Amino acid sequence: MSAARPPEGTHTVAEGEGTPVGAPPVIEVRQLRVLFPTRDRSQTVKAVDGVSFDVRAGETFGIIGESGSGKTTLGRALVALVAPTEGVVLHGGIDPWQLARAALQTRRRDYQIVFQDPHSALDPRLRIIDSTLEPLQASGGKDRPARRRAALDALARVGLSEEMAQRYPHQLSGGQKQRANIARVLTLRPKVIVCDEVVAALDVSIRGAILNLFADLQREFGLTYVFITHDLSVVAHISDRIAVMYLGRFMELGPNQSLTRQPMHPYTAALLSAEPVALPAHLRALRPRRITLEGEMPSPIDPPSGCRLRTRCPWASARCAAEAPALRELRPQHWVACHWATAAGPPAGNGGAAAGCHRPGTTDHGIVHTAWETA
Numbered sequence: 001m002s003a004a005r006p007p008e009g010t011h012t013v014a015e016g017e018g019t020p021v022g023a024p025p026v027i028e029v030r031q032l033r034v035l036f037p038t039r040d041r042s043q044t045v046k047a048v049d050g051v052s053f054d055v056r057a058g059e060t061f062g063i064i065g066e067s068g069s070g071k072t073t074l075g076r077a078l079v080a081l082v083a084p085t086e087g088v089v090l091h092g093g094i095d096p097w098q099l100a101r102a103a104l105q106t107r108r109r110d111y112q113i114v115f116q117d118p119h120s121a122l123d124p125r126l127r128i129i130d131s132t133l134e135p136l137q138a139s140g141g142k143d144r145p146a147r148r149r150a151a152l153d154a155l156a157r158v159g160l161s162e163e164m165a166q167r168y169p170h171q172l173s174g175g176q177k178q179r180a181n182i183a184r185v186l187t188l189r190p191k192v193i194v195c196d197e198v199v200a201a202l203d204v205s206i207r208g209a210i211l212n213l214f215a216d217l218q219r220e221f222g223l224t225y226v227f228i229t230h231d232l233s234v235v236a237h238i239s240d241r242i243a244v245m246y247l248g249r250f251m252e253l254g255p256n257q258s259l260t261r262q263p264m265h266p267y268t269a270a271l272l273s274a275e276p277v278a279l280p281a282h283l284r285a286l287r288p289r290r291i292t293l294e295g296e297m298p299s300p301i302d303p304p305s306g307c308r309l310r311t312r313c314p315w316a317s318a319r320c321a322a323e324a325p326a327l328r329e330l331r332p333q334h335w336v337a338c339h340w341a342t343a344a345g346p347p348a349g350n351g352g353a354a355a356g357c358h359r360p361g362t363t364d365h366g367i368v369h370t371a372w373e374t375a
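Everything in the sequence shown is counted per UniProt numbering, starting at 1 for the first residue and increasing by one.
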């Protein structure tokens, strides 16, 4: 979050959400920045640029954003695969990058990641059982028979039989390969699993089954998830809280029901209005009038000054260019980084005219107020 973050020690959960009230954080992110040089090292990519938040034990924290928003880099930073340029990511109050190499490897057992592509994540030369054994062998401990039992148990828990464990990756479907990848992570008995677009490469027909599997495993093992996706229907289905990310910063952060039923940021409202039919039934009943954002997302090499969305937002003003909006808590535990948003939602009126903040030199282009109507 660019200029503010939800205060520590004030975590509550909206009625109907699944996370225990006051659950301790297993991940604490403080003013995190992750910058990369371009390939020719002449410029800097601002992948994550001032983000702060906590992930509580036992919850599912969703991060939604377009390609190029920085969400995958953020996910890698959460499990200590990418080091912060500035700021810190704490695991249970400990900075893993301050640990010795052996201690860091031990800490990583508790913080695992499942990647998007189930095909490339498995070695085509190894049988599934051998791929599942790899994390256990790398981490040491347990004799070979015990490791094999643990691997077969993990495969069984994700719905893969001992017969399937003897197959090679090319002999499995995409959904079965992703189940095998989940089993690899489960063998380490992690506390936190970051799921980076884990159903994006799968057929729609099997996405629900994989999401249900994650829910079952969470109940059984008390897992904490961070779900990273470009698909709002996924985070709306599975998350307790949702953060909306754009060009390296959080635009909005709040409880699932509050954010999906009544978004406060123009960007969130635009995402929701773009694909209402893909949302769960309780959200399809709330049909937002369409809001259109102009143009394409700018480059993270040279992001806009002030508010990152201002070059596309119909309500942008001179203030938006000069001053980055701080995250403000406008509803209980619901934060938004917009100068013009209110607890009732995004700025009212057609474009920015009603708020006196219409961007000079533009027209409405048919953009309408994103009021939410009951069908």
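The beta-carbon is built from N, C-alpha and C at its ideal position, and this holds for glycine as well.
This one's a predicted model, so the numbers in the text were calculated from it and none came from an experiment.
Asked                                                                                                                 : Found
Three-state secondary structure (DSSP) of F214                                                                        : helix
Alpha carbon of L186 to alpha carbon of A154, nearest angstrom                                                        : 6 Å
Residues bridged to G58 (per DSSP)                                                                                    : Answer is none; G58 lacks a bridge partner.
For A151, the first and last residue of its enclosing beta strand (DSSP E)                                            : Counting along the chain, A151 falls outside any beta strand (DSSP E), though it belongs to the alpha helix (DSSP H) covering 144-157.
Helix, strand or coil at A353 according to DSSP, with G and I counted as helix                                        : A caution first: A353 carries a pLDDT of 38, below 50, which makes its placement in the model too unreliable to give a value.
For L202 and Y168, the rounded distance between their alpha carbons                                                   : 19 Å
First through last residue of the alpha helix (DSSP H) which encompasses H334                                         : Where H334 is concerned, there is no enclosing alpha helix (DSSP H), although the beta strand (DSSP E) it sits in stretches over 334-336.
Spatially closest choice to P314 from Q333, P347, H334, by CA coordinates                                             : P347
Beta-carbon proximity of I94 to L232, cut-off 8 Å                                                                     : no
Proximal residues to P304 (C-beta, below 7 Å), its chain only, five neighbours per side dropped                       : P298, R310, T311
Cβ-Cβ separation, R249 to A337 (assumed contact under 8 Å), whole Å                                                   : 7 Å
Inter-stretch contact (C-beta, 8 Å, three-pair minimum) for the region 258-270 and the region 220-231                 : no
Neighbourhood of S205 by C-beta distance below 6 Å, restricted to the same chain and skipping five residues each side : none
Three-way DSSP call (helix, strand, coil) for E296 in this model                                                      : coil
C-alpha gap between A324 and G208, whole angstroms                                                                    : 38 Å
8 Å contact criterion, which V88 and R30 should meet: CB distance rounded                                             : 5 Å
Integer Cβ distance of P24 from A47, believed to fall under 8 Å                                                       : Not a contact, Cβ separation roughly 28 Å.
Spatial distance of G351 from Q333 (CA atoms)                                                                         : Reliability of the predicted coordinates at G351 is poor, the pLDDT of 44 falling under 50, and the value obtained from them is presented with this limitation in mind. Approximately 27 Å, taken between the alpha carbons.
Distance between beta carbons of V194 and L330, contact taken as under 8 Å                                            : The Cβ separation is near 28 Å, so there is no contact.
Three-state class that DSSP yields for I206 in the structure shown                                                    : helix
Assigned exposure category for A151 - 16 Cβ within 10 Å defines buried                                                : buried
P118 versus S173 - alpha carbon distance                                                                              : 10 Å
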